[in-house]
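In this note's numbering, the protein residues as written are 3 to 259. In this text, a Cβ means the ideal position worked out from N, Cα and C, and glycines have one as well.
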Ligand SMILES: [Zn+2]
C-alpha cells in the first residue's frame with residue numbers, strides 16, 4: 003500500500019485508488035491532480051490500496067480486497083492482511099474510492115454503509131445515479147463515511163478522465179478547492195440480491211428495467227429469466243467469476259441533504 007498526503011497537517015479526506023489492482027483510473031486522477039496547479043484548502047490523503055496487484059496488473063493476488071474488509075493482520079492471504087491496514091488508514095476520514103469496471107452504465111456512485119453522511123457524499127460526486135449496496139454490505143467504504151465511484155471501462159483513458167473530473171467535482175463540493183460545482187440529486191438503485199452464475203452472457207442493460215420473465219443472461223442452451231422485475235446493476239459477461247452482477251430496485255432520489 004502506498005500512502006501520500008498533499009498539503010500539510012492531518013487530512014480529513016482520503017482518496018482511494020486500486021482496491022482492485024487493475025482499475026487504475028483513480029491513480030491517474032490523483033497524479034493529474036498532483037501535477038495541476040489546483041490549490042487545496044486542506045490536506046488530502048491518497049492511498050494506492052493494492053499496490054502489489056497494481057504492479058502485477060492483477061485485480062488481486064489472493065482474495066478480492068473489496069470482499070475481505072475489514073480484514074485480519076494475522077492472515078496468510080495478502081489482501082486479508084492489506085484490508086486491516088487499509089481499514090486503519092481510512093478510519094476517521096471521509097473517503098472517496100475510485101473503481102472502473104467490465105460492466106456498462108458508468109459513471110455512477112455506490113454507497114455501502116447506508117448512513118446519511120455517505121448518501122450526502124454521493125451528491126458531491128455530481129453523478130446522477132447512486133447504487134445503494136448497503137442491504138448486501140461489503141466494500142472498502144462499508145465501515146467508514148464514504149462513497150465509491152465506478153468511472154468507466156477498466157483502465158482506458160476515458161475512465162481516467164472521468165475519474166479526474168469526478169475527483170475535482172467532489173473536492174469542490176466538499177469545499178476543498180475553489181471551482182464551480184453542482185451537487186446532484188442522484189436516482190437511487192437499491193441492491194436487493196445478487197445474480198449468481200458462471201460463464202453467462204449478460205444480454206440486458208444495466209439500469210434498464212428487466213421485466214418479470216424477461217431473459218437477462220444466456221449460456222449455451224440455458225437462459226436466466228427474471229423471477230420478478232429488477233434493474234440490473236454491475237452486470238456483465240466477464241466482470242465476475244461467480245456472479246453475473248446485482249439486482250436492484252428504484253428507490254427515489256437522494257434528497258436535498
Ligand atoms: Zn473495482
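Buried versus exposed call for residue i [16 or more other C-beta atoms within 10 Å across all chains shown]
i, result
"residue 249", "buried"
"residue 120", "buried"
"residue 188", "buried"
"residue 19", "buried"
"residue 93", "exposed"
"residue 160", "exposed"
"residue 217", "exposed"
Assigned secondary structure, residue i (DSSP; H/G/I helix, E/B strand, else coil)
i, result
"residue 160", "helix"
"residue 128", "coil"
"residue 30", "helix"
"residue 100", "strand"
"residue 171", "helix"
"residue 43", "coil"
"residue 214", "coil"
"residue 62", "coil"
"residue 54", "helix"
Distance CB(residue i)-CB(residue j) smaller than 7 Å
i, j, result
"residue 150", "residue 80", "no"
"residue 231", "residue 213", "yes"
"residue 205", "residue 229", "no"
"residue 193", "residue 137", "yes"
"residue 21", "residue 98", "no"
"residue 186", "residue 123", "no"
"residue 162", "residue 4", "no"
"residue 24", "residue 61", "yes"
"residue 165", "residue 59", "no"
inquiry  = Any contact between the region 233–246 and the region 102–113? By contact I mean 3 or more CB pairs, one from each, below 8 Å.
reply    = Verdict: yes, contact present.
request  = Assess, as a yes-or-no matter, whether the region 34–48 is touched by the region 72–86 under the definition of 3 or more beta carbon pairs within less than 8 Å.
outcome  = No, the region 72–86 does not touch the region 34–48.
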